[in-house]
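Please read the structure below before turning to the comments.
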Amino acid sequence: MSLANLQSWLLQEGIREDLDAVTRFTVRNELDNLAFDLSTSTASVIDWPRLLLAGSILARSDQRGDQEAALRIATAAISLTDDQGLKDAGAVLLGKLSNFRAMALATDRGLVESGLEGRLGVALRLEAQRREMDRSILVQSSGAWLQVNDFQQRFWINAAGDRWLSASAPTASGKTFLVLQWLIDQVITGETRVPSPP
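Start counting at 1 in the sequence shown, then tack on 296, and there's your number in our numbering.
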């Protein structure tokens, strides 16, 4: 079975029930004044290790639906469980999705304890560091490295040319933030100039 076939099977059959349950639990958790139905099960019945493994497989896909499912799993593991190991696994999954801002937000909100890298094994630490280096761009004007997602990295690389560029991505992919960073960087470094009117 190919990776693409496995990812498709996971979404359509393998984890469909758990993914639907996680979605319900997450929505229920986010809505205030929602009467709690004791007849429905809780997030503790989810097979989290199995679901997180599936999320890790889905995170390797470039298909939006697969990545959205992996993001839903990561977010649920962080927000719905009390087990710090599961929360850590959710944060690692966010890293695999290059969602560094969500990882930082989860730590800032106390959902994941700080010092995650210290709790990871050597192999996961090395993988996380490689991913962070691969998903970083240099802002020349400040000399700072900026962690980005796949879309942002492709935009930054392609914007460096002397040709027109059109960019589209889903909401919350960081388009506005990155375009502003790129424009500021170009103006400060003097790489881009506005031509004088004839």
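Backbone N, C-alpha and C fix where the C-beta goes; we use that ideal spot for every residue, glycine too.
Please state the DSSP three-state secondary structure of residue i.
i: residue 352; result: helix
i: residue 359; result: coil
i: residue 453; result: helix
i: residue 388; result: helix
i: residue 463; result: coil
i: residue 325; result: helix
i: residue 378; result: coil
Excluding five sequence neighbours on each side, which residues of the same chain lie with their C-beta closer than 8 Å to the C-beta of residue i?
i: residue 307; result: 315, 354, 361, 362, 365
i: residue 420; result: 388
Could you pull out every residue in the same chain whose Cβ sits closer than 7 Å to the Cβ of residue i, ignoring the five residues on either side in sequence?
i: residue 451; result: 463, 474
i: residue 374; result: 383, 386, 387, 402, 407, 408
i: residue 399; result: 387, 390, 391
i: residue 434; result: 441
i: residue 302; result: 353
Considering only residues of the same chain and omitting the five flanking positions on each side of residue i, which have a CB-CB separation below 6 Å?
i: residue 335; result: Residue placement at residue 335 cannot be trusted, given a pLDDT of 47 that sits under 50; what the coordinates show is reported in the next sentence. Here the set comprises nothing.
i: residue 445; result: 394
Just to check my reading of the structure: residue i and residue j have Cβ atoms closer than 8 Å, yes? What is that Cβ distance to the nearest angstrom?
i: residue 351; j: residue 389; result: 5 Å
i: residue 299; j: residue 356; result: 7 Å
Alpha carbons only, please: which of the options is nearest the one belonging to residue i?
i: residue 443; options: 302, 405, 393; result: 393
i: residue 409; options: 420, 427, 382; result: 382
i: residue 318; options: 345, 415, 369, 305; result: 369
i: residue 453; options: 439, 438, 411, 431; result: 431
i: residue 425; options: 396, 483, 297, 345; result: 396
i: residue 380; options: 358, 412, 349, 359; result: 412
From the DSSP output, which residues share a beta bridge with residue i?
i: residue 478; result: DSSP output for residue 478 lists no bridge partner at all.
i: residue 432; result: 443
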